[in-house]
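Numbering (the working numbering), first residue to last: 174 to 393.
For each residue, glycine too, the CB sits at the ideal point set by N, CA and C.
These notes concern the structure reproduced below.
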DNA sequence: GCCCAGGTGGGTA
DNA sequence: TACCCACATGGG
């Protein structure tokens, strides 16, 4: 099976097994950006506590985060871990948003790769966070990779020659139509599969929907 | 108590 | 380019 067909088969199997995931369209573009930063190497349950604190303090707007002292911001987001670092990151991000008068709708007309490159220049925004924002905020097609999705790629025997973020990402982007809704759903399905179905405790579940596609005979 | 969570930036060779 | 390491809380 060629790569486009294989990746389409993977998607179809995941979708059939789990249905639509509905990741991150709900709470508005700015909350999505905040969540993308706070969730860096952090469980979402902890991010949720920090987000609740920010809302309760009236700090869930770019201007409010610009106005609050960094030390107070750090205190609010403490439950999400790395709070000093993340406070600095959020400050850097909202500083960047001021260029657009905090109007994130302006990103929707951009080229995905160009916006991605711009975001990467902001302190605290690395490849995954940039892709989160491009895909889930600007609604532009870029494929989000993370540790879970890389693990599934590996189990499918598709590990790229250079095991870099960009190489894993290119695997999907070069072999699928560049459609934001597809990339959105695909990433969410991969993540759900790796995190909530094939956990480390049961790495090779016998009824895994991807098992027939894994060359090693082990599921993801 | 131990491991890990939807990473990133800075330093070193 | 390719590794290290610090950053830090909370749940299983």
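Would you kindly work out how many angstroms separate the C-alpha atoms of residue 324 and residue 176, rounded to a whole number?
17 Å
Nearest-angstrom Cα separation, counted from residue 388 out to residue 263
42 Å
Nearest-angstrom Cα separation, counted from residue 386 out to residue 376
Here residue 376 scores only 48 on pLDDT, less than 50, and its place in the model should not be relied on; the value that follows carries that caveat. Spanning the two alpha carbons is a distance of roughly 15 Å.
Hey, out of 342, 321 and 326, whose CA is closest to residue 370's CA?
321
For residue 272, is the classification buried or exposed, using 16 other Cβ atoms within 10 angstroms of its Cβ as the cut-off for buried?
exposed
Taking residue 338 as the reference, give the member of 319, 356 and 346 with the closest Cα.
319
Spatial neighbours of residue 295 within its chain, please: CB distance less than 7 Å, with the 5 preceding and 5 following residues excluded, ordered by chain position.
265, 266 and 269
Could you tell me the distance, in whole angstroms, from the CA atom of residue 209 to the CA atom of residue 302?
6 Å
Can you tell me the Cα-Cα spacing of residue 334 and residue 348, whole angstroms?
16 Å
Would residue 277 pass as a contact of residue 250 if the rule is Cβ separation under 8 Å?
no
Kindly list the residues whose CB is nearer than 8 Å to the CB of residue 332, restricted to its own chain and excluding five residues on each side of it in sequence; keep chain order.
326
What does the alpha-carbon distance come out to for the pair residue 261 and residue 298?
11 Å
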